[in-house]
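S.K.: In the working numbering, the protein residues as written are 15 to 363.
C-beta: ideal position from N, C-alpha, C; glycine also.
Computed from a predicted model, the values in this text were never measured in an experiment.
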């Protein structure tokens with residue numbers, strides 16, 4: 015029998031529009047676009063943004079790993095290991111909740127890497143679909159804890175900005191702790207060796223624990239320092255706002271005490287910039303993951319030149335047990351909700 019659809023997959027080819035029932039392999043997807051942007055969201059895996067194309071320059075701001083989008087169906091969170099997240103990690107951008115970073119444990123419950131909403135399917139509903147505005151709400155319920163997570167993506171006609179509203183609700187009678195953040199990543203073709211990261215004001219930088227990273231480090235100690243200049247082991251200055259040459263040693267830093275929740279990544283050679291804004295009363299930390307091709311073994315094998323600039327409620331990337339120990343987890347009292355408002359905008363420079 016031939017399958018019939020009574021409603022159109024795509025009803026408009028101008029202004030803001032939405033294309034439904036898209037499949038990337040076994041993963042369901044949705045395309046939201048206007049005159050300047052085309053955004054592809056993997057509803058079938060984490061509601062990941064795997065394409066953020068700036069149409070006037072044919073420039074995709076959603077970095078992809080060297081394995082790309084595999085398209086395999088996934089509905090698991092392997093506790094105590096990296097497999098569920100890393101084996102199918104396409105790059106792009108994820109919402110992370112309730113564990114950020116490495117596999118960890120909370121209240122006797124094991125959680126995998128960046129678990130758990132980034133590795134399960136989400137449902138969606140179209141909130142608005144007009145030539146002037148497109149808005150889609152994605153929803154997921156966590157399995158190991160009683161949370162409901164919603165995020166709504168909105169674009170308007172003629173704009174290169176995507177607005178994102180997220181809400182997390184504790185559905186239980188218990189007080190719970192969690193980590194929550196946005197796993198924004200940048201890489202080629204937008205990112206290059208002349209790219210720079212602009213953060214207004216002298217936020218304080220916290221280096222990741224030396225004991226937790228066995229790979230070489232750029233930074234010389236765990237001493238905190240004002241953004242953006244730290245010291246290597248020989249006391250030489252390192253300007254972390256300026257991206258280094260390929261094959262430079264990677265690093266993991268956390269910026270906090272920022273004047274406002276905002277950063278800008280500029281690449282003068284491409285004459286383009288991306289600006290991310292958020293409420294830094296909810297996400298007071300900015301994770302700065304740096305991988306420049308020096309990791310020759312698993313999982314990157316020297317392929318990548320990329321960074322992650324990830325607004326987060328808590329730190330560190332060692333997982334929720336570490337965040338509990340340093341007192342940075344979010345507290346969700348019974349039946350409470352928290353809201354985060356973010357935006358991602360492209361500029362020509």
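1) Any idea if residue 218 is buried or exposed, counting beta-carbon neighbours within 10 angstroms, 16 or more meaning buried?
2) What does a CB cutoff of less than 6 Å around residue 282 pick up in its chain, not counting 5 residues either side in sequence?
3) Flag this pair as touching only if the region 329-344 and the region 113-126 have three or more C-beta atom pairs under 8 Å; answer yes or no.
4) Which whole-angstrom value is the C-beta distance of residue 50 and residue 172, which I expect to be below 8 Å?
5) For the ligand HEM, is there any heavy atom lying closer than 7 Å to the beta carbon of residue 154?
6) Please go through the same chain and pick out, in chain order, the residues whose beta-carbon is closer than 8 Å to the beta-carbon of residue 259, but skip the five residues on each side of it.
7) Please work out which residues of its chain come closer than 7 Å, Cβ to Cβ, to residue 47, disregarding the five sequence neighbours upstream and downstream, and give them in chain order.
8) Report yes if the CB atom of residue 298 is closer than 8 Å to the CB atom of residue 267, and no otherwise.
9) CB-CB under 7 Å to residue 70, same chain, minus the five flanking residues each way: which ones, in chain order?
10) Could you name the residues of the same chain whose beta carbon sits closer than 7 Å to that of residue 345, not counting the 5 residues immediately before and after it, in chain order?
11) Taking just the CA atoms, how far does residue 106 sit from residue 184?
12) What does the alpha-carbon distance come out to for the pair residue 247 and residue 325?
13) Quick check on residue 93: does DSSP put it in helix, strand or coil?
14) Tell me whether the beta-carbon of residue 38 lies closer than 8 Å to the beta-carbon of residue 67.
15) Straight-line CA distance for residue 215 to residue 155?
16) In terms of alpha-carbon separation, which member of 193, 176, 175 and 174 lies closest to residue 182?
M.R.: On the basis of the data shown:
1) The residue given as residue 218 occupies position 204 in the chain shown. Around the Cβ of residue 218, a 10 Å sphere holds fewer than 16 other Cβ atoms; the residue is exposed.
2) As a working mapping, residue 282 is identified with position 268 in the chain shown. Leaving aside the five residues that flank residue 282 on each side, the residues in its chain whose CB is nearer than 6 Å to its CB run, in chain order, 208.
3) Enough Cβ pairs lie closer than 8 Å, so yes.
4) The residue you call residue 50 lines up with position 36 of the chain shown. The residue you call residue 172 lines up with position 158 of the chain shown. The C-beta distance from residue 50 to residue 172 rounds to 7 Å, short enough to meet the 8 Å contact threshold.
5) Of the ligands one can find in the structure shown there are none, so the ligand HEM has no counterpart to examine.
6) Within the chain shown, the letter at position 245 stands for residue 259. Within the same chain, residue 259 has close Cβ partners 207 and 306.
7) Position 33 of the chain shown, counted from the start, is the residue given in the question as residue 47. Cβ within range, chain order: 31 and 53.
8) Stepping through the chain shown from its first residue, residue 298 is reached at position 284. Stepping through the chain shown from its first residue, residue 267 is reached at position 253. If you check the CB distance, residue 298 and residue 267 do not come in under 8 Å.
9) Start at 1 with the first residue of the chain shown, and residue 70 comes out as number 56. The beta carbon of residue 70 sits closer than 7 Å to the beta carbons of 50 from its chain, once the five residues preceding and following it are set aside; these are given in chain order.
10) The sequence position of residue 345 within the chain shown is 331, counting from 1. Residues of the same chain with a CB within less than 7 Å of the CB of residue 345, apart from the 5 flanking positions on each side, are 189 and 191 in chain order.
11) Reading the chain shown from its first residue, position 170 is the one you call residue 184. Reading the chain shown from its first residue, position 92 is the one you call residue 106. Their backbone Cα atoms lie some 27 Å apart in a straight line.
12) One-based indexing of the chain shown puts residue 247 at position 233. One-based indexing of the chain shown puts residue 325 at position 311. In a straight line, the C-alpha of residue 247 is about 28 Å away from that of residue 325.
13) By 1-based counting over the chain shown, the position of residue 93 is 79. Legend: pLDDT at residue 93 = 48, less than 50; position of this residue unreliable, value from coordinates given subsequently. Of the three classes helix, strand and coil, the one that applies to residue 93 here is coil, per DSSP.
14) Within the chain shown, numbered from 1, the residue matching residue 38 stands at position 24. Within the chain shown, numbered from 1, the residue matching residue 67 stands at position 53. The answer is no: Cβ separation not under 8 Å.
15) As a working mapping, residue 215 is identified with position 201 in the chain shown. As a working mapping, residue 155 is identified with position 141 in the chain shown. Roughly 38 Å between the two C-alpha positions.
16) Start at 1 with the first residue of the chain shown, and residue 182 comes out as number 168. For the options 193, 176, 175 and 174, the alpha carbon positioned closest to that of residue 182 is the one of 193.
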